[in-house]
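The structure appears right after this line, and notes come after that.
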Amino acid sequence: LFRSCHCPCLQLSESGRTSEVAMFGACCGESRKELSSLVGSPTAALVPPGKCVFTEEWSKAKLSERSQISHDVILATFELPDNTKPLGLSTCACILAKFHEEGNPEPIVRPYTPVSTNAMIGRFQLAVKVYPGGKFSNYLKDVTIGTEVDFKHIDKNVKLQYPFNKKTITMLVGGTGITPMIQALHAVLGTPGDDTQVTMFYGNKTQKDILCRDLLDAWESASGSHLKVVHVLSEAKDDASWAGEKGFITKELLTKHAAPPSADTLVVVCGPPPMYNVFCGPRDKPELTGILADMGYSEKQVYKF
Numbered sequence: 010l011f012r013s014c015h016c017p018c019l020q021l022s023e024s025g026r027t028s029e030v031a032m033f034g035a036c037c038g039e040s041r042k043e044l045s046s047l048v049g050s051p052t053a054a055l056v057p058p059g060k061c062v063f064t065e066e067w068s069k070a071k072l073s074e075r076s077q078i079s080h081d082v083i084l085a086t087f088e089l090p091d092n093t094k095p096l097g098l099s100t101c102a103c104i105l106a107k108f109h110e111e112g113n114p115e116p117i118v119r120p121y122t123p124v125s126t127n128a129m130i131g132r133f134q135l136a137v138k139v140y141p142g143g144k145f146s147n148y149l150k151d152v153t154i155g156t157e158v159d160f161k162h163i164d165k166n167v168k169l170q171y172p173f174n175k176k177t178i179t180m181l182v183g184g185t186g187i188t189p190m191i192q193a194l195h196a197v198l199g200t201p202g203d204d205t206q207v208t209m210f211y212g213n214k215t216q217k218d219i220l221c222r223d224l225l226d227a228w229e230s231a232s233g234s235h236l237k238v239v240h241v242l243s244e245a246k247d248d249a250s251w252a253g254e255k256g257f258i259t260k261e262l263l264t265k266h267a268a269p270p271s272a273d274t275l276v277v278v279c280g281p282p283p284m285y286n287v288f289c290g291p292r293d294k295p296e297l298t299g300i301l302a303d304m305g306y307s308e309k310q311v312y313k314f
């Protein structure tokens, strides 16, 4: 189970079991760090689609650093093949990553949206939530620093582009769907003179599941009221330390905090499939259904990531 950990400070508890610190690589310099300090302030470093250094052919990038962000989140930093160029990824786009699992003839492929921007030269960063049994996330958690990982970028990975040209944006986000929204916030909050009002509804199970929480807190605090984050936790009923919204993102909650339907409003949805079914209909279907349709939003006012 721990064959990929070569750390001499592997810790054993009195019971003989490997400690949580060692299990999660929080040793050898991989102590927990604040994502806000690693990513920094919102930065608009925009390029049009078609400029990414990764093409439709797989190419390698070396894992150069791995930082522990929370109990189940790492920030993985990769070196680009050309250290004089940025990643060149357009707004909210993603890249595909691949590795070959021992004994499995089929490669494991996953999409990731970086949290870094094109202001970072020669490198890029992925915030990765490590799931129990998650093949790729555990691979990135355990693999030796210096390992080369395959990446590529295809046209299908290009999403909504900045400028968004709306006065208000409502983001409906679930779990790891936050990373494309981080890119959108980089563009909006990092562009001088952009006074777009952004309200994000971010659904998770518990406080510890909130990916990029300290980054969102820092950006909201520094935004001058341009960003409002409404956290909603589905399993916080007995959490006395949680003062935020509990349950699920509902029509009533949207009515209370979100901008109503208008030509100046954009709603973006990014999360697991059930989230699309509830709010807007399947992401691969252009028709708008669900709560947003019931509230009077049109297909042109809603973007499905």
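Here the sequence shown is numbered in this note's numbering, starting from 10 and rising by one per residue. For glycine and all other residues, C-beta sits at the position ideal for the given N, C-alpha and C.
Spatial neighbours of Phe145 in its chain, beta-carbon cut-off 6 Å, leaving aside the 5 residues before and after: Locating residue 145 in the sequence shown gives position 136, where the first residue counts as 1. Here the set comprises Ile117, Arg119.
Would you kindly work out how many angstroms separate the C-alpha atoms of Leu262 and Ala272, rounded to a whole number? Along the sequence shown, read from residue 1 onward, the residue named residue 262 stands at position 253. Along the sequence shown, read from residue 1 onward, the residue named residue 272 stands at position 263. Those two C-alpha atoms are separated by around 21 Å.
With distances taken between CB atoms, is the gap from Lys42 to Ser73 smaller than 8 Å? The count along the sequence shown starts at 1 and reaches residue 42 at position 33. The count along the sequence shown starts at 1 and reaches residue 73 at position 64. Not closer than 8 Å, so no.
In chain order, what residues of the same chain lie with their CB nearer than 7 Å to the CB of Asp81, ignoring the 5 residues before and after it? Within the sequence shown, residue 81 is the residue found at index 72, counting from 1. Closer than 7 Å at Cβ, skipping near neighbours: Lys138, Val139.
Measure the C-alpha to C-alpha separation of Leu107 and Ser99 and round it to an integer number of angstroms. Within the sequence shown, residue 107 is the residue found at index 98, counting from 1. Within the sequence shown, residue 99 is the residue found at index 90, counting from 1. The sequence as given places Lys at residue 107; Leu does not occur at that position. Rounded to the nearest angstrom, the two C-alpha atoms are 21 Å apart.
Per DSSP, what are the beta-bridge partners of Asn287 in this structure? On the sequence shown, residue 287 is found 278 positions in, with the first residue counted as 1. Reading the sequence as shown, one finds Val at residue 287 and not Asn. Note: Val287 sits in no beta bridge, so no partner.
What residue range is occupied by the uninterrupted alpha helix (DSSP H) comprising Asp226? On the sequence shown, residue 226 is found 217 positions in, with the first residue counted as 1. Residues 222 to 231.
Can you tell me whether Glu254 is buried or exposed? The criterion is at least 16 other CB atoms within 10 Å of its CB, across all chains shown. Counted from its first residue, the sequence shown places residue 254 at position 245. Buried, because 16 or more other Cβ atoms sit within 10 Å of the Cβ of Glu254.
When you compare the CB of Pro57 with every CB in chain B, is at least one pair closer than 8 Å? Within the model displayed, chain B is absent; a lone protein chain is all it includes.
Within 10 Å of its beta-carbon, does Lys214 have 16 or more other beta-carbons around it, so buried, or fewer, so exposed? Indexing the sequence shown from 1 puts residue 214 at position 205. Counting other Cβ atoms within 10 Å of its Cβ, Lys214 stays below 16 and is therefore classed as exposed.
Measure from the alpha carbon of Glu66 to the alpha carbon of each residue in Val241, Lys265, Asn286, Asp159, then state which is nearest. The residue given as residue 66 occupies position 57 in the sequence shown. It is Asp159 whose Cα lies nearest to the Cα of Glu66.
The alpha helix (DSSP H) spanning His266 covers which residue range? In the sequence shown, counting from the first residue as 1, residue 266 sits at position 257. Run containing His266: 260 to 266, per the alpha helix (DSSP H) assignment.
Give me the Cα-Cα distance between Gly131 and Thr264, rounded to the nearest whole angstrom. Residue numbering aside, residue 131 sits at position 122 when the sequence shown is read from its first letter. Residue numbering aside, residue 264 sits at position 255 when the sequence shown is read from its first letter. Approximately 44 Å, taken between the alpha carbons.
Just curious, the beta strand (DSSP E) that Lys349 is in, first and last residue? As shown, the chain starts at 10 and ends at 314. That puts residue 349 outside it, with no answer to give.
Between which two residues does the alpha helix (DSSP H) containing Thr188 stretch? Locating residue 188 in the sequence shown gives position 179, counting from the first residue. It spans 187 to 198 - the alpha helix (DSSP H) in which Thr188 sits, taken as one unbroken run.
Host beta strand (DSSP E) of Val62 (start-end): Sequence index remark: in the sequence shown, residue 62 carries index 53 (1-based). From DSSP, Val62 is part of no beta strand (DSSP E); its letter is neither H nor E.
CB-CB under 8 Å to Lys246, same chain, minus the five flanking residues each way: which ones, in chain order? On the sequence shown, residue 246 is found 237 positions in, with the first residue counted as 1. Same-chain partners within the cutoff: Lys255.
Own chain residues within Cβ distance below 7 Å of Pro141, not counting five before or after: Looking up residue 141 in the sequence shown gives position 132. Once the five neighbours on either side are set aside, Pro141 has no close Cβ partner at all.
At 3 residues or longer, and completely inside the segment 88 to 126: list those beta strand (DSSP E) runs for me, N to C. If we require 3 residues or more, the beta strand (DSSP E) runs fully inside the segment 88 to 126 come out as 104 to 108, 117 to 121.
Using three-state DSSP, classify Leu135 as helix, strand or coil. On the sequence shown, position 126 is the one that residue 135 refers to. In the structure shown, Leu135 sits in a strand (DSSP, three-state: E or B).
Return the chain-ordered list of same chain residues with a C-beta closer than 7 Å to the C-beta of Pro295, the five sequence neighbours on each side being excluded. Walking along the sequence shown from the start, residue 295 turns up at place 286. Closer than 7 Å at the Cβ level, and outside the excluded window around Pro295, lie Glu308.
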